[in-house]
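Report on one structure; see the data block that follows.
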Amino acid sequence: MDVVVVESPNKVKSINKYLGKNYKVLASFGHVRDLPAKDGSVKPDEDFAMSWAVDSASAKRLSDLAKAVKEADGLILATDPDREGEAIAWHVLEVLKQKRVLKDKPVRRVAFNSITKQAVLDAMANAREIDPPLVDAYLARRALDYLVGFTLSPVLWRKLPGARSAGRVQSVALRFVCDREAEIERFVRENYWLIAAVLGTPRNEKFEARLTTFDGKKLDKLDIKSQEQADGIKAMLDGATFKALSVEAKPTKRNPAPPFTTSTLQQAASSRLGFSAQRTMQVAQRLYEGLDVGGETAGLITYMRTDGVQMAPEAIAAARGAIVNEFGDKYLPEKPRYYTTKAKNAQEAHEAIRPTDFSRTPAEVKKYLDADQARLYEMIWKRAIASQMLPAEIERTTVEIEARNGAATAGLRAVGSVVRFDGFLAAYTEQKDEDAEDEESRRLPEIRAGEPISREAINVTAHTTEPPPRYSEASFIKKMEELGIGRPSTYVATLKTLEDRDYIEIENRRIVPQPKGRLVTAFMESFFEHYVEYDFTASLEEKLDEISDGKLLWKDVLRDFWRDFSKAVGDIKELRVTDVLDALNEELAPLVFPAREDGSNPRICPKCGSGNLSLKLGKYGAFVGCSNYPECGYTRQLSDAANGNGEAAAGEDGDRVLGKDPYTSEEIVLKRGRFGPYVQRGDGKEAKRASLPKGWAADAIDHEKALALLALPRDVGQHPESGKMISAGIGRYGPFVLHDGTYANLESVEDVFTIGLNRAVSVIAEKQAKGKGGRNGGTPAALKELGEHPDGGAITVRDGKYGPYVNWGKVNATLPKGQDPMAVSLEAALTLVAEKAAKGSNGKKPFRGKKKG
Numbered sequence: 001m002d003v004v005v006v007e008s009p010n011k012v013k014s015i016n017k018y019l020g021k022n023y024k025v026l027a028s029f030g031h032v033r034d035l036p037a038k039d040g041s042v043k044p045d046e047d048f049a050m051s052w053a054v055d056s057a058s059a060k061r062l063s064d065l066a067k068a069v070k071e072a073d074g075l076i077l078a079t080d081p082d083r084e085g086e087a088i089a090w091h092v093l094e095v096l097k098q099k100r101v102l103k104d105k106p107v108r109r110v111a112f113n114s115i116t117k118q119a120v121l122d123a124m125a126n127a128r129e130i131d132p133p134l135v136d137a138y139l140a141r142r143a144l145d146y147l148v149g150f151t152l153s154p155v156l157w158r159k160l161p162g163a164r165s166a167g168r169v170q171s172v173a174l175r176f177v178c179d180r181e182a183e184i185e186r187f188v189r190e191n192y193w194l195i196a197a198v199l200g201t202p203r204n205e206k207f208e209a210r211l212t213t214f215d216g217k218k219l220d221k222l223d224i225k226s227q228e229q230a231d232g233i234k235a236m237l238d239g240a241t242f243k244a245l246s247v248e249a250k251p252t253k254r255n256p257a258p259p260f261t262t263s264t265l266q267q268a269a270s271s272r273l274g275f276s277a278q279r280t281m282q283v284a285q286r287l288y289e290g291l292d293v294g295g296e297t298a299g300l301i302t303y304m305r306t307d308g309v310q311m312a313p314e315a316i317a318a319a320r321g322a323i324v325n326e327f328g329d330k331y332l333p334e335k336p337r338y339y340t341t342k343a344k345n346a347q348e349a350h351e352a353i354r355p356t357d358f359s360r361t362p363a364e365v366k367k368y369l370d371a372d373q374a375r376l377y378e379m380i381w382k383r384a385i386a387s388q389m390l391p392a393e394i395e396r397t398t399v400e401i402e403a404r405n406g407a408a409t410a411g412l413r414a415v416g417s418v419v420r421f422d423g424f425l426a427a428y429t430e431q432k433d434e435d436a437e438d439e440e441s442r443r444l445p446e447i448r449a450g451e452p453i454s455r456e457a458i459n460v461t462a463h464t465t466e467p468p469p470r471y472s473e474a475s476f477i478k479k480m481e482e483l484g485i486g487r488p489s490t491y492v493a494t495l496k497t498l499e500d501r502d503y504i505e506i507e508n509r510r511i512v513p514q515p516k517g518r519l520v521t522a523f524m525e526s527f528f529e530h531y532v533e534y535d536f537t538a539s540l541e542e543k544l545d546e547i548s549d550g551k552l553l554w555k556d557v558l559r560d561f562w563r564d565f566s567k568a569v570g571d572i573k574e575l576r577v578t579d580v581l582d583a584l585n586e587e588l589a590p591l592v593f594p595a596r597e598d599g600s601n602p603r604i605c606p607k608c609g610s611g612n613l614s615l616k617l618g619k620y621g622a623f624v625g626c627s628n629y630p631e632c633g634y635t636r637q638l639s640d641a642a643n644g645n646g647e648a649a650a651g652e653d654g655d656r657v658l659g660k661d662p663y664t665s666e667e668i669v670l671k672r673g674r675f676g677p678y679v680q681r682g683d684g685k686e687a688k689r690a691s692l693p694k695g696w697a698a699d700a701i702d703h704e705k706a707l708a709l710l711a712l713p714r715d716v717g718q719h720p721e722s723g724k725m726i727s728a729g730i731g732r733y734g735p736f737v738l739h740d741g742t743y744a745n746l747e748s749v750e751d752v753f754t755i756g757l758n759r760a761v762s763v764i765a766e767k768q769a770k771g772k773g774g775r776n777g778g779t780p781a782a783l784k785e786l787g788e789h790p791d792g793g794a795i796t797v798r799d800g801k802y803g804p805y806v807n808w809g810k811v812n813a814t815l816p817k818g819q820d821p822m823a824v825s826l827e828a829a830l831t832l833v834a835e836k837a838a839k840g841s842n843g844k845k846p847f848r849g850k851k852k853g
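Per the UniProt record's numbering, the sequence shown starts with residue 1, numbered consecutively.
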């Protein structure tokens with residue numbers, strides 16, 4: 001019997017079934033060891049020796065694995081088919097060598113791109129050894145990330161208190177987010193006017209044409225700069241006669257896009273389905289690992305971490321067969337289509353994301369999937385099958401029109417198109433998106449050259465130029481791919497790290513850099529510019545790729561990097577904090593010292609009138625203060641400056657007075673503390689305080705909202721049956737109503753202030769109908785069902801008295817603080833359950849000895 005090691009426990013049952021009784025499949029649960037989070041884990045002075053550590057949960061799994069291998073005939077490492085998978089296989093092998101359980105047993109490495117019987121059996125028939133260059137590239141990347149983080153972060157902590165840490169890739173990603181914010185701040189809006197005419201043919205068919213020339217001069221988008229100028233042109237057109245000068249119909253073809261990569265899947269799921277990148281990968285992981293489809297567990301898509309755009313030959317053949325079956329022969333090209341990626345550093349050997357079986361149409365599998373899985377699978381299936389279909393044939397028509405009013409002339413242009421053959425657009429019949437935009441909506445009526453055109457209306461519209469938009473998750477990922485920084489498997493993690501460090505926030509699906517993030521970026525650009533340059537980071541990624549191709553030695557790359565980097569860090573250590581602040585004052589002037597409405601110098605203290613404002617550093621980060629301290633105690637939080645509401649409403653300590661309580665006459669003030677903005681009524685220990693709920697902006701808080709917050713919890717009314725009071729409030733897990741010990745969640749913060757007695761009674765009743773739990777005792781109802789444990793039994797997420805937790809049988813594992821219970825993956829849940837089970841049901845290691853007495 002051979003032992004087969006996979007990463008995810010979700011694969012165990014399926015692969016064991018495919019391989020049969022001569023194999024025992026075990027899961028590593030991802031990485032089994034890592035560099036300890038302490039200085040000295042990578043030793044440049046010892047030729048970059050690396051110290052690895054195993055956590056308690058992994059130690060238990062490795063012991064079980066070692067025991068199984070000791071009794072087996074051989075070891076097969078079947079971790080995921082990417083660089084991380086190769087690294088995990090190497091780690092497992094190294095640990096088993098240290099445990100001396102392998103002896104002379106054969107060790108093979110297999111990689112399958114999909115969890116289907118054929119793919120698994122084909123992989124087993126084509127086993128290989130672990131790829132040393134791939135492992136070397138992983139070691140180099142891990143060492144680089146560690147050295148940058150553990151060398152640079154202490155410098156940040158000393159020179160920029162309040163900053164969390166800096167990373168090799170994260171710092172560059174943060175830079176382009178902050179650069180975009182600076183672009184927006186520098187942007188100067190311009191007003192312009194556009195003119196369009198609604199015209200009619202002699203056959204009474206209407207169409208629209210836009211003004212392109214006036215009195216022989218070509219008009220660009222911003223050339224009409226005033227209402228007066230626009231009105232003059234409109235007056236001329238109102239009295240003009242119109243004639244079609246030329247009509248040109250030009251056939252064009254629109255080719256389909258290639259199948260999805262990790263990046264393009266995340267972008268498409270964001271724009272079309274509203275998924276976060278993290279949610280997209282969670283759903284794709286389930287589709288890849290396998291679901292029960294008609295009594296058969298099968299992986300529905302290929303591996304979802306890839307930057308390749310090509311499909312395997314057998315998949316192309318299957319797609320072509322499905323095209324004939326689903327759409328007919330006329331949609332099938334004579335030869336297959338082949339794609340090459342334009343992304344930097346792409347690994348062409350990896351397949352694109354595609355269905356494992358094209359005969360499993362979205363309509364057929366929909367009944368076996370949840371809503372999110374069905375929508376994502378449909379998108380993947382359609383994109384992959386469309387990629388092998390004929391192009392759409394479109395006729396684009398351009399009509400040039402002359403307007404004449406006496407000696408004055410103007411030119412207008414109407415553009416439309418007609419789909420003559422839908423081609424690959426047929427795959428998107430029910431899914432209108434950018435791959436299947438409605439070409440028919442811009443169709444022109446029949447217009448003949450030389451014929452007169454009637455005027456129906458002249459429309460003048462005023463516009464204002466807009467600054468470039470902030471990055472969305474989708475455009476953030478696209479930018480990382482374009483710059484060649486990071487890998488498909490790191491895009492989501494990079495974004496999450498920046499968010500966890502409070503360097504960015506995601507508001508209305510847009511990435512907003514926070515003051516702390518902008519400070520770190522300004523610091524890096526001022527003193528470590530070379531290491532946040534896009535080209536430098538991309539070139540380092542290229543060197544890592546060359547290591548994986550066997551063209552460079554990984555320790556040579558580390559030596560070159562460390563020589564220059566350690567010198568740069570040494571130089572910055574000699575700088576005084578005042579030098580750092582002077583540089584940041586200059587770099588961040590628009591953020592720290594926003595222009596004042598009266599045009600006065602924004603750096604003059606508004607309190608004493610003689611001191612200069614400057615960045616200052618405190619225990620919890622940067623703030624703005626007066627140079628005349630301690631004589632002048634004026635301070636302002638940096639976030640107030642970022643929101644543009646610093647001086648106007650700031651009190652002596654940067655607080656904002658909102659008004660007085662109508663009953664107590666105490667002053668109500670908006671303040672900013674270590675954990676964010678809050679409102680306070682009164683002073684001293686007896687002061688009532690309330691934090692701002694998530695989603696409430698500090699600059700939007702007024703007297704009325706502050707009073708409502710300070711009045712919580714709010715009595716809704718007496719329950720008609722028990723006679724006990726129902727109250728509404730905001731707790732650790734969000735808005736709620738409470739009755740006789742039973743808490744029920746509300747959908748939004750606003751509900752806390754508006755919910756009436758009838759609805760509150762209904763919400764409480766619904767919660768009780770689901771089963772008492774959480775704060776009310778008993779077994780709480782499941783918030784989310786994650787799937788089956790490899791050893792049998794459902795794994796669920798529940799909300800208990802002490803917060804959300806994962807449940808499997810009698811094992812309850814508390815979720816980490818800050819973890820969204822609805823975003824927990826099955827893999828993460830299995831890891832938590834395994835760690836808790838290893839400690840025993842009471843959270844302590846099981847007693848192994850004899851009891852006294």
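C-beta atoms are modelled at their ideal positions from N, C-alpha and C, and glycine is treated no differently.
* To do: Determine the burial state of Thr241: buried for a count of at least 16 other Cβ atoms within 10 Å of its Cβ, exposed for fewer.
  => As a first step, residue 241 must be located in the sequence shown, where it is residue number 241. Exposed: under 16 other Cβ atoms inside 10 Å.
* State the Cα-Cα distance for the pair Ala765 and Pro804, rounded to the nearest angstrom. => The sequence position of residue 765 within the sequence shown is 765, counting from 1. The sequence position of residue 804 within the sequence shown is 804, counting from 1. Looking at the two C-alpha atoms, the distance is approximately 21 Å.
* Asked: Are the CB atoms of Gln293 and Thr340 nearer to each other than 9 Å?
  -> Residue 293 sits at position 293 when you count from the first residue of the sequence shown. Residue 340 sits at position 340 when you count from the first residue of the sequence shown. For clarity, residue 293 is Val in the given sequence; the question names Gln instead. Cβ distance not < 9 Å, so Val293 and Thr340 don't count as in contact.
* Asked: Is Phe112 buried or exposed, if buried means 16 or more other CB atoms sit within 10 Å of its CB?
  -> Numbered from 1 along the sequence shown, position 112 holds the residue referred to as residue 112. Buried is the call here.
* Asked: Secondary structure at Gly659, three-state DSSP: helix, strand or coil?
  -> Residue numbering aside, residue 659 sits at position 659 when the sequence shown is read from its first letter. In the structure shown, Gly659 sits in a strand (DSSP, three-state: E or B).
* On the three-state DSSP scale, how would you describe Asp292? -> Within the sequence shown, residue 292 is the residue found at index 292, counting from 1. Looking at Asp292 - three-state DSSP - the assignment turns out to be strand.
* Asked: What are the boundary residues of the alpha helix (DSSP H) that Trp562 is part of?
  -> Within the sequence shown, the letter at position 562 stands for residue 562. Trp554 to Lys573 is the span of the alpha helix (DSSP H), which, as asked, contains Trp562.
* Asked: So who's on the other strand from His739, going by DSSP bridges?
  -> Residue mapping note: residue 739 aligns to position 739 of the sequence shown, counting from 1. Per DSSP, Ile726 and Thr742.
* To do: List the whole-angstrom C-beta distance separating Ile316 from Pro336, where the pair is believed to meet the contact cut-off of C-beta under 8 Å.
  => Taking the sequence shown and counting its residues from 1, the one referred to as residue 316 is at position 316. Taking the sequence shown and counting its residues from 1, the one referred to as residue 336 is at position 336. With a Cβ gap of about 5 Å, Ile316 and Pro336 count as contacting.
* Asked: In terms of DSSP beta bridges, what is residue 859 paired with?
  -> It is not possible to answer for residue 859, since the shown part of the chain is limited to 1 through 853.
* Got a sec, what are the start and stop residues for the alpha helix (DSSP H) Asp179 sits in? -> For the purposes of this step, residue 179 is taken as residue 179 along the sequence shown, with counting starting at 1. Unbroken alpha helix (DSSP H) run through Asp179: Gln170 to Arg186.
* Which same chain residues, not among the five before or five after Leu222, have their C-beta less than 8 Å away from its C-beta? -> Translated into the one-based positions of the sequence shown, residue 222 becomes position 222. Within the same chain, Leu222 has close Cβ partners Glu190, Tyr192 and Thr465.
* Could you check how far apart the C-beta atoms of Ala462 and Asp215 are, in whole angstroms? I think they sit under 8 Å. => Along the sequence shown, one-based indexing puts residue 462 at 462. Along the sequence shown, one-based indexing puts residue 215 at 215. Not confirmed; about 22 Å, so no contact.
* Asked: Under the DSSP definition of a beta bridge, which residues are partnered with Cys626?
  -> Taking the first residue of the sequence shown as position 1, residue 626 is located at position 626. In DSSP, Cys626 forms a bridge with Leu613.
* To do: Examine the Cβ distances between the region 165 to 173 and the region 582 to 594 and report whether three or more of them are shorter than 8 Å.
  => Contact fails: fewer than three Cβ-Cβ distances are below 8 Å.
* C-alpha gap between Leu826 and Thr497, whole angstroms -> Walking along the sequence shown from the start, residue 826 turns up at place 826. Walking along the sequence shown from the start, residue 497 turns up at place 497. Approximately 21 Å, taken between the alpha carbons.
* Asked: Which partner residues of Leu121 appear in the DSSP bridge assignment?
  -> Numbered from 1 along the sequence shown, position 121 holds the residue referred to as residue 121. Partner(s): none; Leu121 has no beta bridge.
* Asked: Hey, out of Glu597, Ile380, Gly450 and Ala244, whose CA is closest to Leu273's CA?
  -> The residue you call residue 273 lines up with position 273 of the sequence shown. Ranking Glu597, Ile380, Gly450 and Ala244 by Cα distance to Leu273 puts Ile380 first.
* Asked: The beta strand (DSSP E) spanning Gly416 covers which residue range?
  -> Counting from 1 along the sequence shown, the entry for residue 416 is found at position 416. Ala408 to Phe421 is the extent of the beta strand (DSSP E) around Gly416.
* **Cβ-based neighbour list, Asn459, same chain, cut-off 6 Å, excluding 5 preceding and 5 following** => Locating residue 459 in the sequence shown gives position 459, counting from the first residue. Excluding residues within five positions, the ones whose Cβ falls inside 6 Å are Ala196.
* **Cβ-Cβ distance between Lys250 and Thr397 below 9 Å** => By one-based count along the sequence shown, residue 250 stands at place 250. By one-based count along the sequence shown, residue 397 stands at place 397. Yes; because the gap between Cβ atoms is below 9 Å, this pair is in contact.
* To do: Give the DSSP-derived three-state secondary structure of Lys671 in the structure shown.
  => If you number the sequence shown from 1, residue 671 lands on position 671. Here Lys671 sits in strand by DSSP.
* Kindly indicate which residue of Glu326, Val399, Glu541 and Asp571 has the alpha-carbon position closest to the one of Val557. => For the purposes of this step, residue 557 is taken as the residue at position 557 of the sequence shown. Per the Cα distances, Glu541.
* **Bridge partner(s) assigned by DSSP for Arg681** => Taking the sequence shown and counting its residues from 1, the one referred to as residue 681 is at position 681. Beta-bridge partners assigned by DSSP to Arg681: Ile668 and Lys688.
* Asked: Is Ala449 helix, strand or coil when you go by DSSP?
  -> As a working note, residue 449 is residue 449 in the sequence shown. Coil.
* Asked: Considering only residues of the same chain and omitting the five flanking positions on each side of Arg672, which have a CB-CB separation below 6 Å?
  -> Mapped onto the sequence shown, residue 672 falls at position 672. Cβ within range, chain order: Gln637.
* Asked: Terminal residues of the continuous alpha helix (DSSP H) containing Phe242?
  -> Taking the sequence shown and counting its residues from 1, one reaches residue 242 at position 242. Counting along the chain, Phe242 falls outside any alpha helix (DSSP H), though it belongs to the beta strand (DSSP E) covering Thr241 to Arg254.
* Asked: Under 9 Å between the Cβ atoms of Ala65 and Val25?
  -> For the purposes of this step, residue 65 is taken as residue 65 along the sequence shown, with counting starting at 1. For the purposes of this step, residue 25 is taken as residue 25 along the sequence shown, with counting starting at 1. The amino acid at residue 65 is misidentified as Ala; the sequence shows Leu. Taking the C-beta atoms as reference points, Val25 is found no nearer than 9 Å to Leu65.
* Ignore the nearest five residues each way along the sequence and tell me which others in Glu84's own chain have a CB closer than 7 Å to its CB. => Translated into the one-based positions of the sequence shown, residue 84 becomes position 84. The answer, listed in chain order, is Ser489.
* Where does Glu597 sit, in a helix, a strand or coil, going by DSSP? -> Along the sequence shown, one-based indexing puts residue 597 at 597. Glu597: coil per DSSP, three-state reduction.
* **Local Cβ density within 10 Å of Thr578, reported as buried at 16 or more and exposed below that** => In the sequence shown, residue 578 corresponds to position 578, counting from 1. Exposed, because fewer than 16 other Cβ atoms sit within 10 Å of the Cβ of Thr578.
* If you run the structure through DSSP and keep just helix, strand and coil, what is Asp73? -> As a working mapping, residue 73 is identified with position 73 in the sequence shown. Here Asp73 sits in coil by DSSP.
* **Three-state secondary structure (DSSP) of Gly85** => For the purposes of this step, residue 85 is taken as the residue at position 85 of the sequence shown. Gly85 falls in the helix class under three-state DSSP.
* Beta carbon of Glu129 nearer than 9 Å to that of Val107 -> Your numbering for residue 129 matches position 129 in the sequence shown. Your numbering for residue 107 matches position 107 in the sequence shown. A contact, by the Cβ cut-off of 9 Å.
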